[in-house]
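Enquirer: Protein chains in written order, with the numbering used here: chain A, 67 to 569; chain B, 67 to 569.
Note that the Cβ used here is the ideal one computed from N, Cα and C, for glycine as well.
1. In the DSSP output, what is residue 297 of chain A paired with across the bridge?
2. Would you identify the three-state DSSP class for residue 309 of chain B, choosing helix, strand or coil?
3. Which term fits residue 415 of chain A, buried or exposed, when burial requires 16 or more other beta carbons within 10 angstroms of its beta carbon?
4. Can you give me the C-alpha to C-alpha distance between residue 386 of chain A and residue 105 of chain B, rounded to a whole angstrom?
5. Can you tell me which of the three DSSP states residue 290 of chain A falls into?
6. Which residue spans inside the stretch 312-379 of chain A form an unbroken beta strand (DSSP E) run of at least 3?
7. Which residues of chain B have a Cβ atom closer than 9 Å to the Cβ of residue 173 of chain A, listed in chain order?
8. In whole angstroms, give me the CA-to-CA distance for residue 285 of chain A and residue 523 of chain B.
9. Give a yes or no on whether 8 Å exceeds the smallest Cβ distance from residue 335 of chain A to chain B.
10. Which residue comes first and which comes last in the alpha helix (DSSP H) that contains residue 511 of chain A?
11. Can you list the alpha helix (DSSP H) stretches of 4 or more residues lying completely in the stretch 470-541 of chain B, in chain order?
12. For residue 536 of chain B and residue 526 of chain B, which I take to be in contact (beta-carbon distance under 8 Å), what is that distance rounded to the nearest angstrom?
13. Rounded to whole angstroms, what's the CA-CA distance from residue 80 of chain A to residue 538 of chain A? Just pull it up for me.
14. Contact criterion: CB-CB distance below 8 Å. Does residue 86 of chain B meet it with respect to chain A?
15. Pull up the DSSP beta-bridge partners for residue 141 of chain B, would you.
16. Determine the burial state of residue 138 of chain B: buried for a count of at least 16 other Cβ atoms within 10 Å of its Cβ, exposed for fewer.
17. Cβ of residue 378 of chain A within 8 Å of Cβ of residue 511 of chain A?
18. Just to confirm the assignment: which complete alpha helix (DSSP H) runs, minimum length 4, are found wholly within the stretch 161-241 of chain B?
19. Does residue 151 of chain A have its Cβ less than 8 Å from a Cβ in chain B?
20. Relative to the C-alpha of residue 360 of chain B, which residue among B:428, B:405 and B:222 is closest?
21. Using 8 Å as the threshold, is the stretch 309-322 of chain A in touch with the stretch 89-108 of chain B, meaning 3 or more CB pairs across them?
22. Under the three-state reduction of DSSP, which class applies to residue 544 of chain A: helix, strand or coil?
23. Report yes or no: do three or more beta-carbon pairs, one from the stretch 186-200 of chain B and one from the stretch 163-170 of chain B, lie closer than 8 Å?
24. Residue 295 of chain B to residue 394 of chain A, Cα distance in whole Å?
25. Would you mind stating whether residue 322 of chain A and residue 271 of chain A have Cβ atoms separated by less than 8 Å?
26. Which whole-angstrom value describes the C-beta separation of residue 182 of chain A and residue 155 of chain A, a residue pair presumed to lie in contact below a C-beta threshold of 8 Å?
27. When the cut-off is 8 Å and only beta carbons count, does residue 345 of chain B lie next to chain A?
28. Relative to the C-alpha of residue 144 of chain B, which residue among B:67, B:159, B:517 and B:203 is closest?
29. Within 10 Å of its beta-carbon, does residue 111 of chain A have 16 or more other beta-carbons around it, so buried, or fewer, so exposed?
30. Nearest to residue 558 of chain A by CA position, among A:495, A:569, A:528 and A:331, is which residue?
31. Could you compute how far the alpha carbon of residue 114 of chain B sits from the alpha carbon of residue 77 of chain B?
32. Counting only Cβ-Cβ distances shorter than 9 Å, please list the residues of the stretch 96-108 of chain A near chain B, keeping chain order.
33. Can you tell me where the alpha helix (DSSP H) with residue 102 of chain B in it begins and where it stops?
34. Can you give the beta carbon distance from residue 330 of chain B to residue 352 of chain B, rounded, assuming they're within the 8 Å contact cut?
35. Run down chain A in chain order and give the residues with a C-beta less than 7 Å from the C-beta of residue 293 of chain B.
36. At least one CB of chain A closer than 8 Å to the CB of residue 135 of chain B: is that the case?
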């Protein structure tokens with residue numbers, strides 16, 4: 067159909083431009099000479115602006131209007147196939163979101179946040195929350211304004227979450243999060259009271275090049291197609307894709323925390339495989355895009371935790387790890403290693419925290435954000451609330467705001483409503499695992515034999531290849547038989563950690 | 067001045083877009099996963115098209131017309147400074163060139179050449195010139211047509227050379243080339259008849275990583291600012307710059323020809339420094355661009371040959387090279403090494419040939435191209451002419467066309483008029499060296515002490531920082547006191563190689 071092809075061609079150019087921006091970003095974080103940062107910023111700004119202009123272009127609207135009613139969402143072109151019809155619905159949805167925010171607001175927002183990241187970095191360095199508070203106040207106000215412009219039914223925070231996790235609302239998420247909080251907090255405290263696990267040997271000095279080699283060995287065992295994916299080093303591990311054919315991940319090497327590299331590789335490979343196995347035949351259409359940040363995170367956590375922290379995985383990989391680090395590990399038994407790499411310890415810092423505590427860090431931020439946006443909490447009260455809540459949830463309290471409410475960059479970037487997707491990722495991973503376990507009841511045995519193909523195949527088949535064809539809820543039901551709840555995640559943690567801690 | 071700023075802003079965006087294309091190209095040749103080639107092609111095609119559209123945009127013309135008369139070149143805005151006035155003249159010149167070729171011609175040209183590179187690769191592999199001949203015939207015709215569209219005074223080939231070496235004509239170049247041919251051919255034959263130099267030890271197996279390390283050592287000794295330049299490996303060494311702040315070079319590691327890496331690094335660093343020291347305060351204006359391909363090549367050859375193949379350079383660097391390869395070189399005297407790395411041997415392949423023969427390879431191609439474009443020679447006669455001329459110039463004759471007239475990719479890319487710039491680069495390098503030697507009569511001694519700063523400083527000061535402010539002839543006169551001739555180059559080779567060959 068000519069009109070559809072015409073629209074798709076227009077959109078393909080936008081997607082291609084956007085993919086160019088991904089390369090600019092990847093290069094900036096990997097190989098770009100440091101002194102090129104100003105040039106890079108202007109390159110990224112230019113391409114971003116072009117992408118935004120095309121997404122909100124009148125020409126695009128005209129092409130779209132021929133095929134779908136913009137006001138009602140009714141599809142005019144009845145002879146299109148379901149994928150094309152879904153694409154139209156998504157294009158319309160995205161267009162309406164993209165055009166809601168006036169240019170003046172976008173400008174004010176980006177000016178505020180570009181100053182804010184510097185203000186935050188300084189305040190964090192100097193442990194001076196009050197210096198950052200006025201800027202954060204402004205960011206909260208802008209987010210409130212943004213919520214008003216975008217619109218919502220029940221709670222302004224819904225409008226913000228929707229930017230990262232479409233259709234997610236306070237009403238839907240609070241029951242999950244409140245039960246999660248109860249369950250996790252109880253488990254964390256129980257584990258903290260149990261006999262501590264000796265994991266000191268994991269924090270000795272491990273050779274940089276051997277760490278790199280082991281990261282690559284993991285990719286080889288995963289049979290990752292290096293013609294379409296590469297692994298590099300960067301300051302912070304990340305994953306980015308230009309296109310399903312060009313998916314790139316990075317890791318970070320910390321000499322005295324070598325497991326961090328391995329879990330980073332597994333985490334990023336989870337993201338990378340998702341991008342790699344999106345339905346590339348639809349590139350340029352929104353169907354060939356990731357569904358939401360929560361689903362994206364579910365893929366990284368599936369690999370990092372459900373596979374990568376499982377006994378079966380290490381039964382196969384631990385001998386390989388010992389081969390790589392014979393001096394450090396040949397005298398460490400499998401059991402000792404496996405318990406150590408799953409040790410749960412109170413940690414003030416989100417990004418360094420263990421699998422059990424992790425979501426508690428998120429829930430704390432979620433609570434604060436929600437109250438700030440609703441106007442039921444003041445910015446100046448954040449440190450107090452943070453510290454009390456930390457004490458309540460995990461039984462620890464930061465000595466400084468730098469280790470507390472100033473630890474994350476997200477707020478200074480203007481992102482509010484983003485944090486919940488980190489927790490949702492864990493919940494979705496365990497939700498999907500129900501389906502996985504049902505299809506492969508012998509998954510533990512297979513992993514212990516080094517078979518990883520069936521994991522890749524399952525996720526490709528059941529998650530990746532759908533792109534945005536299904537909603538998150540439809541996907542959860544299709545894969546696991548029911549909508550998302552916190553239960554599978556809590557069940558998994560309870561069972562696993564009771565066994566590990568022998569309680 | 068508002069109108070000028072407005073024009074510059076427009077042009078800056080074009081330059082920034084073009085710089086994005088440079089990154090796409092760099093990545094493609096260095097780190098891109100091989101399977102991403104189709105996506106990459108569409109990214110490059112898109113950005114290239116956008117750059118071309120902006121350069122020929124009516125909006126651009128309107129902005130330009132406010133400041134300079136497009137027909138006459140007379141500058142309307144009299145209160146601009148000389149740099150701005152020069153920029154206007156260049157913008158107009160470039161615009162007129164860019165808009166001359168009709169879109170239909172550009173399309174036909176690019177379609178023909180995109181098939182031609184494959185046809186050439188196949189013909190070369192199968193040593194079957196006749197299979198490539200019809201395609202080459204078409205390319206010659208298209209180049210003839212291009213010359214007609216672009217226009218010329220005396221010879222159609224002038225219009226083609228002008229694309230790479232502005233203002234260069236057959237009338238200017240032939241006296242240089244004909245004297246060069248005579249001088250070089252005589253010298254090559256004399257050297258070939260002399261006692262051969264033993265250089266077998268240069269073609270042993272040299273460790274890959276040590277080669278890489280030595281390449282980086284050269285950059286360190288050159289005190290290259292790594293904040294603005296990086297060195298990587300690729301299949302073919304090249305240099306590319308996004309901006310003076312982001313200049314990147316590559317090298318190639320050949321295990322059994324380790325000097326190739328060192329000369330590649332020096333060659334590409336010469337290109338890279340040129341880009342790095344262009345007057346970046348004028349980025350976006352044509353003044354902040356390289357003057358011509360001949361001048362660009364002069365910078366690479368200056369470093370590779372005039373500095374990098376000189377005795378002074380190796381007096382300092384040879385001990386470092388011996389430190390890197392003690393097993394291979396500790397028993398090789400400086401004299402033996404220096405003579406070996408300057409050995410002159412007949413070689414059928416241009417890219418593998420020595421400093422003395424190199425230009426003869428170019429002159430042969432120049433003669434053939436010129437006759438083809440003038441219509442005084444037929445494509446079918448190329449192999450015969452090639453082989454006879456090779457015999458005449460260097461006393462050797464290829465056994466196959468793959469080692470003869472099919473060896474270079476250039477014609478299949480549609481490039482005719484490009485080869486002469488390789489020879490011009492050598493001539494300009496020696497022309498500039500006159501000025502360099504006058505300013506630093508003690509250059510040999512300085513090099514032998516490891517001082518390279520003054521070389522960088524001289525080239526930056528006298529060549530790089532001018533960008534396109536001067537013409538090639540103005541630059542030659544300013545630096546050397548006179549217009550370009552072949553004499554300084556021939557004098558240099560005569561003196562150097564008589565000494566090395568003790569004749």
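Expert: Concretely, from the data shown:
1. A:315
2. strand
3. exposed
4. 36 Å
5. coil
6. 312-317
7. In chain order: nothing, as chain B lies at least about 17 Å away.
8. 47 Å
9. no
10. 509-514
11. 486-505, 509-514 and 519-528
12. Actually they are not in contact, since the Cβ atoms of residue 536 of chain B and residue 526 of chain B sit about 15 Å apart, beyond 8 Å.
13. 25 Å
14. yes
15. B:134
16. exposed
17. yes
18. 169-191, 195-216 and 222-230
19. no
20. B:428
21. yes
22. helix
23. no
24. 38 Å
25. yes
26. Going by Cβ atoms, the distance from residue 182 of chain A to residue 155 of chain A rounds to 35 Å, so no, they are not a contact pair.
27. no
28. B:67
29. exposed
30. A:495
31. 15 Å
32. 96, 97, 98, 99, 100, 101, 102, 103, 104, 105, 106 and 108
33. Where residue 102 of chain B is concerned, there is no enclosing alpha helix (DSSP H), given that its DSSP letter is neither H nor E.
34. Incorrect: roughly 29 Å between the Cβ atoms, too far for contact.
35. 99, 100 and 101
36. no
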